[in-house]
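See below for the structure under consideration.
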Amino acid sequence: MKKIGRFLKQNYKNIFILILGNFLVASASSFCFLNYQHGGFSGLLSGGVSGFTLILNEIFNGNLEVVAIIVSWILFIIGTIFLGLQFGLKTLFGTILFTGFLSLFTLPVFTNIQNEVNTLDPILASILGGMAVGTGCGIIYRIGGSTGGFDIPPLILNKYFKFKLSRCFFVQDGLLVLLALIAKFSLNHVLVGLISVFVCSWFVEITQVSGQKCYIAEIISDQYEAINQAILEKLDRGTTLFFAKGGYTQQDKVVIKVVIPKKQYHDLMQIVINADKNAFMSLQTTSDIFGFGFKRYE
1 MKKIGRFLKQ
11 NYKNIFILIL
21 GNFLVASASS
31 FCFLNYQHGG
41 FSGLLSGGVS
51 GFTLILNEIF
61 NGNLEVVAII
71 VSWILFIIGT
81 IFLGLQFGLK
91 TLFGTILFTG
101 FLSLFTLPVF
111 TNIQNEVNTL
121 DPILASILGG
131 MAVGTGCGII
141 YRIGGSTGGF
151 DIPPLILNKY
161 FKFKLSRCFF
171 VQDGLLVLLA
181 LIAKFSLNHV
191 LVGLISVFVC
201 SWFVEITQVS
211 GQKCYIAEII
221 SDQYEAINQA
231 ILEKLDRGTT
241 LFFAKGGYTQ
251 QDKVVIKVVI
261 PKKQYHDLMQ
271 IVINADKNAF
281 MSLQTTSDIF
291 GFGFKRYE
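Written out as structure tokens, the structure reads:
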């Protein structure tokens, strides 16, 4: 019990963000996409699990929420196989939250909310859903978390083929919406779905990377070897070691310099805390980093 209490005390902010983020994603998926009814629209296309679910439902005609939950858990298993047990454990909480909220929003008590959303024009509902999903995903990515679902295929491509994550997400969601044409969705449905994909991608970007895009970290610690090795192995980032001397202590020190994207900030903090809680670390924000692992020279 003490360990659980200590864990909750140390991670309560991240747990709250995971709950809030999955609440936003699940509410938009349920109210704006899966169960939206207005005019000739029966559900709105989008990227991710909700869009894929609507396409499957058009072909096989199943229960939308059940299909979405099954798809989420299948993707979770695939992610655990290809990305490792640690990823699976990290994503498990998010998958439980998303599928739990999705089931919750089918209860009769939420009927009035659904009816209100159904009064919106399809384009407005698509924009609203894209904003909610993008914001929810963005705040989760900022703490190094995952919503599970269709986060997983881009992460697999990034790990094994080094494809840029943001492009993978956009291409994947765009292809999902375009595949709806094969499932006999009208062009009108597809174009409205593409709006939600654009809006979602934009809100992920501005939420996850508000302001500058990268951190330059300098770390001074007696445990520099352990910290350096963890950065190389867990973050897959290169480091530079500088030999310095303390101005007050006159002792020789090693300074670790590393550049990380903002989404790895939480992971870097955990590496340093686990190795040496007395370590000195300074962070600077920077707008653009060029080179291997970051932007290419074009």
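The UniProt record's numbering puts the first residue of the sequence shown at 1, with every later residue one more than the last. The beta-carbon is built from N, C-alpha and C at its ideal position, and this holds for glycine as well.
Close-in-space but distant-in-sequence residues of the same chain around residue i (CB under 6 Å, 5 per side omitted)
{"i": "L56", "result": "V67"}
{"i": "V255", "result": "E218, I220, F242, A244"}
{"i": "S126", "result": "L44, V192, I195, S196"}
{"i": "S146", "result": "T91, G94"}
{"i": "G144", "result": "H266, D267"}
{"i": "S282", "result": "E218"}
{"i": "H189", "result": "L45"}
{"i": "E233", "result": "none"}
Short Cβ contact (8 Å threshold) for residue i with residue j
{"i": "L155", "j": "G48", "result": "no"}
{"i": "S29", "j": "S50", "result": "yes"}
{"i": "L83", "j": "K159", "result": "yes"}
{"i": "G148", "j": "F76", "result": "yes"}
{"i": "G136", "j": "V199", "result": "no"}
{"i": "S27", "j": "A132", "result": "yes"}
{"i": "E65", "j": "T106", "result": "yes"}
{"i": "F101", "j": "F23", "result": "yes"}
{"i": "I140", "j": "L18", "result": "yes"}
{"i": "residue 311", "j": "F41", "result": "Because the chain here runs from 1 to 298, residue 311 falls outside it and cannot be looked at."}
Own chain residues within Cβ distance below 7 Å of residue i, not counting five before or after
{"i": "I260", "result": "C214, Y215, A217, L235, R237, L268"}
{"i": "V258", "result": "A217, I231, R237, T239"}
{"i": "V117", "result": "F31, C32, Y36, A125"}
{"i": "I113", "result": "F31"}
Boundaries (first-last residue) of the beta strand (DSSP E) holding residue i
{"i": "Y215", "result": "214-220"}
Where the alpha helix (DSSP H) containing residue i begins and where it ends
{"i": "F76", "result": "64-83"}
{"i": "E58", "result": "48-60"}
{"i": "E225", "result": "224-230"}
Other residues of its chain near residue i: CB distance less than 8 Å, five sequence neighbours each side excluded
{"i": "Q172", "result": "G47, F150, P153, P154"}
{"i": "A275", "result": "S221, Q223, A226, I227, A230"}
{"i": "I69", "result": "T99, L102, S103"}
{"i": "T286", "result": "Q212, K213, C214, Y215, I216, V259"}
{"i": "N14", "result": "I143, G145, H266"}
{"i": "I271", "result": "I227, A230, I231, K234, L235"}
{"i": "L128", "result": "A28, C32, V117, L120"}
Integer-rounded CB distance, given that residue j should sit under 8 Å from residue i
{"i": "K262", "j": "R167", "result": "Not quite, the Cβ-Cβ distance comes to about 17 Å (not below 8 Å), so this is no contact."}
CB contact below 8 Å: residue i versus chain D
{"i": "L44", "result": "Any reference to chain D falls outside this structure, which holds one protein chain only."}
Going along the chain, which unbroken runs of the alpha helix (DSSP H) with 4 or more residues stay wholly within the UniProt domain "DUF2179" (237-291)?
265-275
Give, in chain order, every unbroken run of the alpha helix (DSSP H) that is at least 4 residues long and sits entirely within the region 88-170.
111-118, 122-142, 152-161
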